[in-house]
Amino acid sequence: MVPHEVDISQLAQQLKQDGVAYSAPSLESDAQLNEHVAEQLREGDGLAVVDVFVSKAADVRDIAQELYDATDLQTVIVQTPRHVSSVSENYSRADIESTQAQLTPGLNQVDLLERYYAGLEHSSFPMIAIVAAVLILAPSFWRPKLPARLPASRDARVSSTPQGRQE
Numbered sequence: 078m079v080p081h082e083v084d085i086s087q088l089a090q091q092l093k094q095d096g097v098a099y100s101a102p103s104l105e106s107d108a109q110l111n112e113h114v115a116e117q118l119r120e121g122d123g124l125a126v127v128d129v130f131v132s133k134a135a136d137v138r139d140i141a142q143e144l145y146d147a148t149d150l151q152t153v154i155v156q157t158p159r160h161v162s163s164v165s166e167n168y169s170r171a172d173i174e175s176t177q178a179q180l181t182p183g184l185n186q187v188d189l190l191e192r193y194y195a196g197l198e199h200s201s202f203p204m205i206a207i208v209a210a211v212l213i214l215a216p217s218f219w220r221p222k223l224p225a226r227l228p229a230s231r232d233a234r235v236s237s238t239p240q241g242r243q244e
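Laid out in C-alpha cells, this is it:
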C-alpha cells in the first residue's frame with residue numbers, strides 16, 4: 078500500500094523530466110544533484126528518493142509500481158530511508174530482489190545506482206546459455222528408443238508353454 082504522504086503524481090512528473098525525483102523540495106530543486114544522479118542512470122531507468130519512513134519493503138515496491146505505471150520508464154527504483162525497491166521490464170524479479178537484499182540503507186544515490194547495476198550484472202541468470210544447451214541436448218532425449226531384444230532363454234520358453242509345464 079502506498080503511504081498517503083507519498084505524492085505519486087508529483088514524483089512521476091519529476092521522473093518524466095530527467096529520470097530523477099525527490100520528495101524533499103530542497104533536493105528536488107538542486108539542479109546539480111539531479112544532473113549528477115541522472116548521469117548514473119541507464120537509459121529508460123528512473124530513481125525516486127522518497128523521504129517517508131515506510132515500515133514494509135512491500136509498500137516501497139508498491140510505490141515503485143505506481144511510478145512505473147505513471148511513467149514510460151522501463152525500470153523505476155525507489156529509495157526510502159529504510160528500503161530500496163524497484164519494478165522493471167528489463168530485469169527479472171529474482172535478480173532485482175537478490176540485488177536489493179545487498180543494498181544498505183542510507184546510501185547516496187550515486188553509490189546506490191552503482192551497486193544496484195553491479196548487482197544486477199552479477200546476478201543475471203545465463204538464460205541464453207541454458208536455452209542453447211536445452212536445444213542441443215533435447216533431440217537425444219526425444220529420439221524413439223527401440224526395445225532391447227533379449228536372447229531366448231530356458232526361462233522364457235518355460236513361461237510360454239501352456240500351464241507352465243516344462244519341456
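Under the working numbering, the letters of the sequence shown match residues 78 to 244, in that order.
From the three backbone atoms N, C-alpha and C, an ideal C-beta is built for every residue, glycine too.
Query: Sub-9 Å separation of A98 and L92 beta-carbons; Result: yes
Query: I173 burial status per 10 Å Cβ neighbour count (16 or more: buried); Result: buried
Query: Beta-carbon separation (whole angstroms), Q186 vs Q156, contact threshold 8 Å; Result: 7 Å
Query: Contact check, Q177 vs S163, beta carbons under 9 Å; Result: yes
Query: Cβ separation of A125 and V153, assumed to be a contact under 8 Å, to the nearest whole Å; Result: 7 Å
Query: Pair within 9 Å by beta-carbon distance, L88 and L144; Result: yes
Query: C-beta contact flag for L114 and R159 at 9 Å; Result: A small correction: the amino acid at residue 114 is Val; Leu does not occupy that position in the sequence shown. In this structure, R159 does not lie closer than 9 Å to V114 by Cβ.
Query: Top-ranked residue by Cα proximity to V129, from V161, A195, E198 and D122; Result: V161
Query: Simplified DSSP state of D107, which is helix, strand or coil; Result: coil
Query: Buried/exposed call for V83, threshold 16 Cβ in 10 Å; Result: buried
Query: Terminal residues of the beta strand (DSSP E) in which S86 lies; Result: Run containing S86: none in the beta strand (DSSP E); it sits in the alpha helix (DSSP H), I85 to D95.
Query: One or two residues paired with A125 in a DSSP bridge; Result: A98 and V155
Query: Neighbourhood of P182 by C-beta, 6 Å cutoff - its chain only, sequence neighbours within 5 removed; Result: R159
Query: Bridge-paired residues (DSSP) for V164; Result: V153
Query: Close beta carbons around A195, own chain, < 7 Å, minus the five adjacent residues each side; Result: none
Query: Exposure of V137, with buried meaning 16 or more beta-carbon neighbours within 10 Å; Result: buried
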